[in-house]
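Data first, discussion second: the structure below is written as structure tokens.
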Amino acid sequence: MVRVTGMNVHSKPPTRPIEDTQGKRGDILGAGLRLFDEQGFHGTSMSEIAEAAGVGAGTIYRYFDGKEDLVDQLYAEARAAAHESIMEMGFDEDASVRDRLRTTWRAVIRNYMECPRLYRFILQYESSAYLRRAQRAQPEDLRSPFQEIYRDGVEQGLFPALPQSVYGSFFIGTVTHLVQEHLNDGPELDEELIDQSFEMLWAAYTKASVDPGTG
């Protein structure tokens with residue numbers, strides 16, 4: 008797989024946003040993404056989505072069984088887009104744990120900056136009751152590269168065998184804070200800060216593998 012070096016995090020994302028999906032189904036998904044971001048899952052009705060998408064109330068049910076089905080399909084598309092963006096940024100499955108984590112870090116930050124609504128939706132979904140069902144139904148090839156990074160890091164003794172959710176929460180929590188600060192006119196999230204923040208992430212992950220009593 009081709010590696011990408013010298014990536015500019017402010018360049019156009021390689022993957023097409025959900026809103027640009029063609030056809031009525033794409034219009035519905037785009038409207039759902041916007042309304043779920045603005046109003047939440049429970050505050051949004053199918054009729055509101057249909058109206059925002061410019062389709063009839065009955066038309067929406069030709070594509071989705073109901074709101075839960077729409078949410079699930081939107082999540083699957085969002086995760087697929089996020090996964091594809093990481094692959095297109097030069098993710099090398101044979102690279103070291105550190106290099107794979109760094110590529111993932113930079114890809115997620117860049118795409119969060121370019122498509123914040125998409126990533127907010129993913130986070131909203133994964134903190135809701137929908138996630139457990141999605142984990143059961145998720146195809147193996149759409150699982151996050153982070154899962155393999157975590158597994159290899161533990162097997163190689165780089166990371167302690169803490170639950171993956173601990174590492175994932177630290178990762179996405181830091182990304183979310185950095186990007187939201189940037190979007191809210193906080194510190195400029197430039198190449199230097201992205202690299203420095205990754206070094207802090209790596210130090211935290213690997214430092215945790217050292218027995219505190221030996222320090």
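Under the working numbering, think of the first position of the sequence shown as 8, with each following residue one higher.
The beta-carbon is built from N, C-alpha and C at its ideal position, and this holds for glycine as well.
Note that the structure is predicted; figures quoted are calculated from it, not measured.
Check                                                                                                                                          : Outcome
Here's the rule: buried if 16 or more other CB atoms are within 10 angstroms of the residue's CB, otherwise exposed. What is residue 86?       : buried
Residue 120 lies in the alpha helix (DSSP H); which residues open and close that run?                                                          : 104-121
Can you give the Cα-Cα distance for residue 182 and residue 69, rounded to whole angstroms?                                                    : 37 Å
To the nearest angstrom, how far is the alpha carbon of residue 109 from that of residue 204?                                                  : 10 Å
Using the Cβ count rule (16 or more neighbours within 10 Å means buried), how would you classify residue 191?                                  : exposed
If you draw a straight line from the C-alpha of residue 120 to the C-alpha of residue 47, how long is it?                                      : 21 Å
Could you compute how far the alpha carbon of residue 211 sits from the alpha carbon of residue 173?                                           : 12 Å
Would you tell me roughly how many angstroms separate the C-alpha atoms of residue 73 and residue 45, rounded to the nearest one?              : 19 Å
Residue 175 and residue 157 - do their beta-carbons sit closer together than 9 Å?                                                              : yes
If residue 107 sits next to residue 98, beta carbons under 8 Å apart, how far is it from one beta carbon to the other, in whole angstroms?     : 7 Å
What residue ranges within the segment 131-210 form continuous alpha helix (DSSP H) runs of no fewer than 4 residues, ordered along the chain? : 138-144, 152-162 and 171-190
Just checking my contact of residue 40 with residue 124 at CB under 8 Å: how many whole Å lie between their CB atoms?                          : 6 Å
Which class does residue 78 belong to by DSSP, given the choice of helix, strand or coil?                                                      : helix
Beta-carbon separation of residue 163 and residue 43 under 9 Å?                                                                                : no
Which same chain residues, not among the five before or five after residue 194, have their C-beta less than 7 Å away from its C-beta?          : 188 and 200
So residue 60 and residue 35 are in contact, right, with Cβ under 8 Å, and what is the actual spacing, rounded?                                : 5 Å
Just the C-alpha distance for residue 202 and residue 171, rounded to the nearest angstrom, thanks.                                            : 23 Å
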